[in-house]
Amino acid sequence: MLRVIGKRLALLVPTLLGLSILLFLWVRSLPGGPATALLGDRATPEAVERINELYGFNRPLIEQYFIYMGKLLQGDFGTSLLTGRPVLEEFATRFPATLELTIVALIFAIGIGIPLGYLAAKHYGRWPDHGSVVLSLIGITIPVFFLAFILKWLFAIKIPIFPTDGRQNARINATHVTDFYVLDGLLTREWDASWDAFMHLILPGIALGTIPLAIIVRITRASVLEVQNADYVRTAKAKGLLERTIRNRFILRNAMLPVTTTIGLQLGLLISGAVLTETVFAFSGIGRFLRDAIFNLDYPVLQGFIIFIAILYSLINLIVDISYSIIDPRVRVQ
Amino acid sequence: MSTTLPPASGGNDSASKDPALPDSGGTSLWKDAFYRLRRNPQAIAGAIIVVAFLLVAALAPVLAPYGGEDLPGRTHITPTHIPGPGEVPGFVLGLDRFGGDLLSKLIWGAQSSLLIGVVSTALGLAGGMLLGVLAGGFGGWVDNVIMRLVDILLSVPNLLLAVSIAAALGQGAYAIMIAIGVSQVPIFARLLRSSMISQRGADYILAAQTLGLSRGTITMSHLLPNSVGPVIVQATLTLATAVIDAAALSFLGLGGGRPQTAEWGRMLTYAQDELGIAPQLAFLPGLCIAITALGFTLLGESLREALDPKSRQK
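These protein sequences, in sequence, are chains A and B.
Per the numbering used here, the first sequence runs over residues 1 to 334.
Per the numbering used here, the second sequence runs over residues 1001 to 1314.
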């Protein structure tokens, strides 16, 4: 198992190397070159030259690439043009917010998606099936930011159950230990702070979780449909096992493999979704930071984030592969 | 597209050209698929939406009461009030915050969505098919290099990839088209390659090889036409994603041009601050994006079902 993991991690190297080359070339291709991106359109030629000298943009491309790569390997992702702070530091302070949001989104997606998909398959061709198929179709085609608007208007403006934006009410003077606001409140026993932070997560969480939810419903339905007529399920029924036992141990467990893969593959969607959702709800996590970076062409941030995501993506895929052998002992990681 | 349609799957292509020979009963895959599409309510619903969208987009100059960037109702706008549907005569759906006619902007928005969706998907399709044919046709190191590149691009979330490309190209509709198109290339390339590889061992390829046809001929006129089905299905589904992604990019502010430009995504950007007093400014463009995407998705999924050999036998 360890050797397999090592091999998979080694395979990551060429991908990341290629990605770093592409990203390096991307920065050079920005309109006006990196110096103009740094200084803005109205920079004087002298200033551009000074920056080129300072950052080494006038050296040969190959040399520049090796300098860039050397810094990356030492964990230096550069400095944000917007805030002037190291990119990694910026990510670290915002990551907890987005992680909290993502966890709520995934709990929503998985918690509703798997039961709904199972019900649809169990009542194949009848109304629960049609209903969930239509729901998942709507879930896939509705733009995240539009859904965010609907939720915000309906449940924060028309019927004000939830807060409209932000991570926590400014009037609550909460102490922050970990930057996970919900957790912070629990740790410091400031229950109302924790509750308030949690309420701020609900609407963005639903908006972010809807596309994954729709996909999980579909995959679960298809997968359960395939499994529930398998010989071993018929045998289990013939043996007179409890419905619950058949469902949990025979159908769901065998149907979960494709579902696990799908959940692992949602990362890209979640990141894109977070950029849009956090923008609508003025939720200060990674997504909103990226939105500002996009808008201001803060290329060190974008560059660093893309590498970070590529690593995360590969690691998640690896974890998904390993979790196969836990869900289904017949599958051995290869 | 019609030039790349595969020949009859039963190999009765020449037979059907000869009037003396009776049709042997095997219908072409695409004819059969079309027949089943026509009986599928889901496909019909999708087709109706898509046709309506195409008509509105094409006839925008005739249908829209005002131009896309016109601000005919400027005098009716106050900081605290934006007239809603039917409040001011002459503006059926009301006005937006700039004083533009909402109905006109929605209609012109359809045109811009269609243009961006079709051009970007065509770009992605062309690039992806080129890479896919090279990888699937040549194999070996060409395949390896192309697929590594595709892997790298696939490790970046789609929207982020599109955003980075758009950032490098500068703001504007063209940047959005190219950005979305390029971000679709990896999916098409991978799909076509795997589809071609699965066809490689087929009998008709063996037959063509036995006849001594060149590798290029086999790839282009035998392998490619028979592998293109899944790619066409994906292209239909991708049109839906392209419309949504285009809206997302212009929502994020990468559309360039003037603020009052008629784009569904951009209309949502400016509706944000007015959500409390004029929710229709967000809901109507959002609904347009969702319905258009729904149309292409319904059509694409029924096409996939219709082309699926497993469901063909019925």
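We treat Cβ as the ideally placed atom computed from N, Cα and C, and that holds for glycine.
The structure displayed is predicted, hence computed values, not measured ones.
Query: Contact with chain A by residue 1244 of chain B, beta-carbon distance below 8 Å; Result: yes
Query: For residue 86 of chain A, the residue or residues it bridges with in DSSP; Result: A:79
Query: Chain A within 8 Å of residue 1034 of chain B, Cβ atoms only; Result: no
Query: Test item: CB-CB of residue 167 of chain A and residue 97 of chain A under 8 Å; Result: yes
Query: Expected contact under 8 Å - CB spacing of residue 297 of chain A and residue 30 of chain A to nearest Å; Result: 7 Å
Query: Stretch-stretch touch, CB-based, cutoff 8 Å, three pairs: the region 230–244 of chain A with the region 56–63 of chain A; Result: no
Query: Span of the alpha helix (DSSP H), counted from its first residue to its last, around residue 1124 of chain B; Result: 1102–1138
Query: Interface residues of chain A facing residue 1247 of chain B [CB-CB closer than 9 Å]; Result: 143, 145 and 146
Query: Neighbouring residues, chain B, relative to residue 314 of chain A (Cβ below 8 Å); Result: 1155
Query: Cross-strand partners of residue 959 of chain B (DSSP beta bridge); Result: Summary: the structure shown does not reach residue 959 of chain B, with chain B confined to residues 1001 through 1314, and so no result is reported for it.
Query: Top-ranked residue by Cα proximity to residue 1247 of chain B, from B:1052, B:1154, B:1177 and B:1197; Result: B:1177
Query: Positions along the region 1095–1120 of chain B whose CB lies within less than 9 Å of some CB in chain A; Result: none
Query: Cutoff 7 Å; reference residue 1222 of chain B; Cβ partners in own chain excluding five residues on either side; Result: 1204, 1205 and 1208
Query: Residues from the region 8–34 of chain A in contact with chain B, defined by Cβ distance under 7 Å; Result: 14, 15, 18, 19, 22, 26, 29, 30 and 31
Query: Burial state of residue 209 of chain A (16 or more Cβ within 10 Å); Result: buried
Query: CA-to-CA distance, residue 280 of chain A to residue 104 of chain A, given in whole angstroms; Result: 17 Å
Query: Per-residue burial, residue 1081 of chain B [other beta carbons within 10 Å of its own, 16 or more giving buried]; Result: exposed
Query: Closest residue to residue 1241 of chain B among B:1114, B:1102 and B:1098 (Cα-Cα distance); Result: B:1114
Query: Interface residues of the region 1156–1174 of chain B facing chain A [CB-CB below 7 Å]; Result: 1156, 1157, 1158, 1159, 1160, 1163, 1164, 1167, 1168 and 1170
Query: One or two residues paired with residue 1095 of chain B in a DSSP bridge; Result: B:1101
Query: Own chain residues within Cβ distance below 6 Å of residue 1306 of chain B, not counting five before or after; Result: 1033, 1036 and 1037
Query: Any C-beta of chain B under 8 Å from that of residue 122 of chain A; Result: no
Query: Exposed unless 16 or more other CB atoms sit within 10 angstroms - verdict on residue 11 of chain A; Result: exposed
Query: CB contact below 8 Å: residue 180 of chain A versus chain B; Result: no
Query: Beta-carbon separation (whole angstroms), residue 1165 of chain B vs residue 1182 of chain B, contact threshold 8 Å; Result: 5 Å
Query: Meets three-Cβ-pair contact criterion under 8 Å: the region 1275–1294 of chain B and the region 1094–1114 of chain B; Result: yes
Query: Closer than 8 Å at the beta carbon, the chain B residues around residue 291 of chain A; Result: 1252
Query: Chain B contact for residue 5 of chain A (CB, 8 Å cutoff); Result: no
Query: Beta-carbon proximity check, residue 101 of chain A vs residue 201 of chain A, cutoff 8 Å; Result: yes
Query: Chain B residues whose Cβ lies nearer than 8 Å to that of residue 320 of chain A; Result: Residues of chain B passing the Cβ test: none, with the nearest at roughly 15 Å.
Query: Members of the region 151–167 of chain A that neighbour chain E once the beta carbon cut-off is set at 8 Å; Result: Among the protein chains in the structure shown, which are A and B, there is no chain E.
Query: Whether residue 221 of chain A touches residue 132 of chain A by CB criterion (8 Å); Result: yes
Query: Integer Cβ distance of residue 217 of chain A from residue 113 of chain A, believed to fall under 8 Å; Result: 5 Å
Query: Interface flag, residue 324 of chain A vs chain B, CB-CB below 8 Å; Result: no
Query: Partner residues on chain B for residue 310 of chain A, Cβ-Cβ distance less than 9 Å; Result: 1152, 1155 and 1156
Query: Same chain only: Cβ atoms within 6 Å of residue 1022 of chain B, ignoring 5 sequence neighbours per side; Result: Per-residue confidence for residue 1022 of chain B stands at a pLDDT of 44, beneath the threshold of 50, marking its modelled position as unreliable; the derived number appears in the next sentence. Cβ neighbours of residue 1022 of chain B beyond the five flanking positions: none.
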